[in-house]
Amino acid sequence: HSTPLSSPSFDVFGHVEDTVTIIDRVAARYPAAPIGVVGVSAGSGQLVIYLGSDRVNKNVVAGACLCPGYDLTHCMHRFSRRSPLLSRYITRSAKELFLYPNRRVLQNHDPAAFARCDGAEFIHEFITHASVYAGHADYESYLQVANPMQYFLRNKTPCLVLSARDDPVCLESCIPFSSLPQAPFGVVVTKRGSHTCYREGWFGQGSYMERITLQFLGTCFSA
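Numbering-wise, my numbering puts 1023 at position 97 of the sequence shown, and it's gapless, one number per residue.
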């Protein structure tokens, strides 16, 4: 979003069509190479939706789902209740990224939706109101398409899932421990790590998240 939108369409969590396009182009350029797909934070949702679709490229052999929010039905609402100041900060950032640079095209399409997004105080409110700009009549219909939990049981690709119990954004209470083992997910839940940080070493020079992800992908590539 470094340039203004040419159409009144955006999705805070991304669109799987973009994921499909990127992976297919990589596979076309390197047809003999195995592909590992990594999604971080909001991007982890795109990863699960992609792996649970019927459009997975044959070169994809593994995935890594890092610091996911799991179920969009409640993850951002719980986060906003737990950390209201952080939620307000993220909401303001979302407005500055999606709304204000594209005011004209978005207002012309749906001025009421723009006003609701602009008036949102917390991020779950912003995402709910912005579902119109993702091409859906309301948030409930948006969840039918954009909620990763609608897709994860369809996944057949080995996938690492990494979460931290002290993650302030994607809370421990959102982790569906009883459901994940039903699909080929390897779940790692650490005591510390925060949200995507996972620094290690005396000076934080290393990243546990990067290290375990590369180890997992390397194992899958050589299997």
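For each residue, glycine too, the CB sits at the ideal point set by N, CA and C.
Extent of the continuous alpha helix (DSSP H) to which residue i belongs
i: residue 970; result: 968 to 977
i: residue 1040; result: 1037 to 1045
i: residue 1150; result: In this structure the chain extends from 927 to 1149, so residue 1150 is not present and cannot be described.
i: residue 1017; result: 1010 to 1020
i: residue 1088; result: Segment 1085 to 1090 is the beta strand (DSSP E) holding residue 1088; no alpha helix (DSSP H) there.
Residues near residue i by beta carbon distance below 6 Å, same chain, minus five either side
i: residue 1095; result: 1005 and 1121
Distance, residue j Cα to residue i Cα
i: residue 1070; j: residue 1142; result: 30 Å
i: residue 1076; j: residue 976; result: 11 Å
i: residue 950; j: residue 940; result: 17 Å
i: residue 1145; j: residue 1022; result: 41 Å
i: residue 1113; j: residue 1041; result: 40 Å
i: residue 1016; j: residue 954; result: 37 Å
i: residue 1073; j: residue 966; result: 16 Å
i: residue 1020; j: residue 1103; result: 30 Å
i: residue 1090; j: residue 1135; result: 10 Å
Status (buried if at least 16 other CB within 10 Å, exposed otherwise) for residue i
i: residue 1032; result: buried
i: residue 1129; result: exposed
i: residue 972; result: buried
i: residue 999; result: exposed
Same chain only: Cβ atoms within 7 Å of residue i, ignoring 5 sequence neighbours per side
i: residue 970; result: 991, 992, 993 and 994
i: residue 981; result: 946
i: residue 1061; result: 935
i: residue 1110; result: 1081, 1082, 1083, 1084 and 1085
i: residue 1078; result: 974, 978 and 1109
Beta-carbon contacts of residue i that lie in its chain and below 8 Å, excluding the five residues immediately before and after
i: residue 1008; result: 1094 and 1097
i: residue 933; result: 1031
Residue i - containing beta strand (DSSP E), residue span
i: residue 992; result: 986 to 992
i: residue 1111; result: 1111 to 1116
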